[in-house]
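*Asks:* The structure's right below; bear with me while I get my questions together.
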Amino acid sequence: MEKRLLGRSGLRVSRMALGTMTWGGDTDAEEAASQLVAFVDAGGTLVDTADIYGEGESERVLGSLLGDLVPRDDVVLATKAVARRTDGPFGGGASRGALLTALDGSLKRLGTDHVDLWQLHAWDSCVPIAETLAALEYAVTSGKARYVGVSNYAGWQLATAAAGAAAVAPIVSTQVEYSLLERGVDREVVPAAEHHGIGLLPWAPLGRGVLTGKYRTGTPADSRGANSAYAGYVEHHRTDRAARIVQAVATAADGLGTSPLAVALAWVRDRPGVVAPVVGARDTGQLTGSLTAEEITLPPAIRSALDDVSAIEVGYPERWPR
Numbered sequence: 001m002e003k004r005l006l007g008r009s010g011l012r013v014s015r016m017a018l019g020t021m022t023w024g025g026d027t028d029a030e031e032a033a034s035q036l037v038a039f040v041d042a043g044g045t046l047v048d049t050a051d052i053y054g055e056g057e058s059e060r061v062l063g064s065l066l067g068d069l070v071p072r073d074d075v076v077l078a079t080k081a082v083a084r085r086t087d088g089p090f091g092g093g094a095s096r097g098a099l100l101t102a103l104d105g106s107l108k109r110l111g112t113d114h115v116d117l118w119q120l121h122a123w124d125s126c127v128p129i130a131e132t133l134a135a136l137e138y139a140v141t142s143g144k145a146r147y148v149g150v151s152n153y154a155g156w157q158l159a160t161a162a163a164g165a166a167a168v169a170p171i172v173s174t175q176v177e178y179s180l181l182e183r184g185v186d187r188e189v190v191p192a193a194e195h196h197g198i199g200l201l202p203w204a205p206l207g208r209g210v211l212t213g214k215y216r217t218g219t220p221a222d223s224r225g226a227n228s229a230y231a232g233y234v235e236h237h238r239t240d241r242a243a244r245i246v247q248a249v250a251t252a253a254d255g256l257g258t259s260p261l262a263v264a265l266a267w268v269r270d271r272p273g274v275v276a277p278v279v280g281a282r283d284t285g286q287l288t289g290s291l292t293a294e295e296i297t298l299p300p301a302i303r304s305a306l307d308d309v310s311a312i313e314v315g316y317p318e319r320w321p322r
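For the sequence shown, my numbering assigns the number 1 to the initial residue and increments by one for each residue that follows.
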């Protein structure tokens with residue numbers, strides 16, 4: 001798998017990341033082990049989790065697999081903090097106390113003395129950004145985190161954090177929803193990231209599963225759309241606009257002799273500023289399907305057609321003057 005630098009940092013990662021949101025829940029330890037081995041065998045390095053996934057079980061499962069199954073040094077280990085874990089005074093949020101408590105908890109569950117990328121899961125309007133950034137600086141200078149990033153930040157939030165970050169702990173990445181069905185970040189987040197040298201890590205790069213085409217004629221019984229816990233998550237992208245985009249992706253896939261999944265993933269992977277889409281999978285077979293995108297580079301004509309069918313309105317002040 002091809003490697004890319006994460007933003008303007010020297011951290012080199014695979015251009016696809018393995019997401020572990022369902023590990024320790026819908027994905028048991030045995031299946032997680034199979035996915036991790038398949039990903040690393042394919043040349044993947046960046047593995048993403050969070051302290052809130054499965055109430056910490058995702059980190060525990062991942063930690064149990066590092067060392068014996070896959071060498072720790074073969075993986076770029078990324079996790080997140082900020083989400084509310086407990087009702088205690090340090091159980092969530094972006095205060096110094098809450099963040100450093102969360103980091104220690106993540107390290108314990110992961111069974112390691114450091115993470116390679118520690119990310120703020122969301123903006124916390126209740127905490128001064130200077131305090132939050134000071135916690136990131138401590139995490140780096142103490143050696144508990146090698147690099148730091150953010151997730152789900154608006155453009156102005158990303159620019160504010162990037163401008164205020166210490167030189168020893170610059171913001172190197174931002175993880176955002178980004179796909180042919182969700183291009184809102186093109187308005188301000190992508191330009192802000194480019195200006196500050198921050199790499200994009202798209203989550204839900206397959207449009208929450210809709211871009212695979214599985215929902216074109218209904219809702220498969222074994223899909224997230226049929227699961228009451230995830231139905232709303234999937235329905236968000238089941239619109240008339242989405243149907244037109246999915247049809248265009250399917251047409252492109254037919255012409256290239258590949259899957260809609262591979263086409264959709266290749267499109268977002270090669271967008272300006274993108275470093276590595278974060279791909280989650282129900283099982284190893286599904287992950288293997290995502291890995292086939294590594295073999296595909298979309299022809300300019302197909303990329304242009306997909307750009308056009310998925311285009312969003314961008315007006316003032318993003319386009320000024322005009």
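All C-beta atoms in this analysis are idealised placements derived from N, C-alpha and C, irrespective of residue type, glycine included.
Return the CA-CA distance between G67 and S14, expressed in angstroms with no decimal places.
*Replies:* Walking along the sequence shown from the start, residue 67 turns up at place 67. Walking along the sequence shown from the start, residue 14 turns up at place 14. Each residue's alpha carbon lies about 20 Å from the other.
*Asks:* Output the distance between the C-alpha atoms of H236 and R183, rounded to the nearest integer angstrom.
*Replies:* Position 236 of the sequence shown holds residue 236. Position 183 of the sequence shown holds residue 183. Straight-line Cα distance between these residues: approximately 14 Å.
*Asks:* Contact defined as beta carbons within less than 8 Å: I believe T174 pairs with A193. What is the distance between those atoms, to the nearest angstrom?
*Replies:* Walking along the sequence shown from the start, residue 174 turns up at place 174. Walking along the sequence shown from the start, residue 193 turns up at place 193. Confirmed, Cβ separation roughly 6 Å.
*Asks:* Less than 8 Å separating the beta-carbons of A305 and R269?
*Replies:* One-based indexing of the sequence shown puts residue 305 at position 305. One-based indexing of the sequence shown puts residue 269 at position 269. No, the Cβ-Cβ distance between A305 and R269 is not below 8 Å.
*Asks:* Opposite D48 in the DSSP bridges: which residues?
*Replies:* Translated into positions along the sequence shown, residue 48 becomes position 48. D48 pairs with G19, A78.
*Asks:* Helix, strand or coil: which one does DSSP assign to D116?
*Replies:* On the sequence shown, residue 116 is found 116 positions in, with the first residue counted as 1. Here D116 sits in strand by DSSP.
*Asks:* I need the DSSP call for A145, collapsed to helix, strand or coil.
*Replies:* Locating residue 145 in the sequence shown gives position 145, where the first residue counts as 1. Three-state DSSP puts A145 in a strand.
*Asks:* Counting only the same chain and skipping the five closest in sequence on each side, list residues whose C-beta sits under 8 Å from that of L107.
*Replies:* Walking along the sequence shown from the start, residue 107 turns up at place 107. Counting only Cβ-Cβ distances below 8 Å, and skipping sequence neighbours, we find D113, H114, V115, K144.
*Asks:* Assign T141 to buried or exposed, taking buried as 16 or more other Cβ atoms, counted over all protein chains shown, within 10 Å of its Cβ.
*Replies:* Mapped onto the sequence shown, residue 141 falls at position 141. Exposed, by the Cβ-count rule.
*Asks:* Look up L200 in the DSSP assignment and give the residues it is bridged to.
*Replies:* Taking the sequence shown and counting its residues from 1, the one referred to as residue 200 is at position 200. Per DSSP, T174, V274.
*Asks:* Quick check: does the Cβ of T22 come within less than 7 Å of any heavy atom belonging to the ligand MN?
*Replies:* The model depicted lacks the ligand MN and carries no ligand whatsoever.
*Asks:* Can you give the Cα-Cα distance for A253 and A301, rounded to whole angstroms?
*Replies:* As a working mapping, residue 253 is identified with position 253 in the sequence shown. As a working mapping, residue 301 is identified with position 301 in the sequence shown. About 13 Å.
*Asks:* Roughly how many angstroms lie between the CA atoms of S151 and T288, to the nearest whole one?
*Replies:* Within the sequence shown, numbered from 1, the residue matching residue 151 stands at position 151. Within the sequence shown, numbered from 1, the residue matching residue 288 stands at position 288. Cα-Cα distance, rounded: 26 Å.
*Asks:* Can you give me the Cβ contacts of A134 inside the same chain, cut-off strictly under 7 Å, excluding the 5 residues immediately before and after it?
*Replies:* Translated into the one-based positions of the sequence shown, residue 134 becomes position 134. R96, listed in sequence order.
*Asks:* Take every Cβ of the segment 239-254, pair it with every Cβ of the segment 163-170, and state whether three or more of those distances are shorter than 8 Å.
*Replies:* Too few Cβ pairs lie closer than 8 Å, so no.
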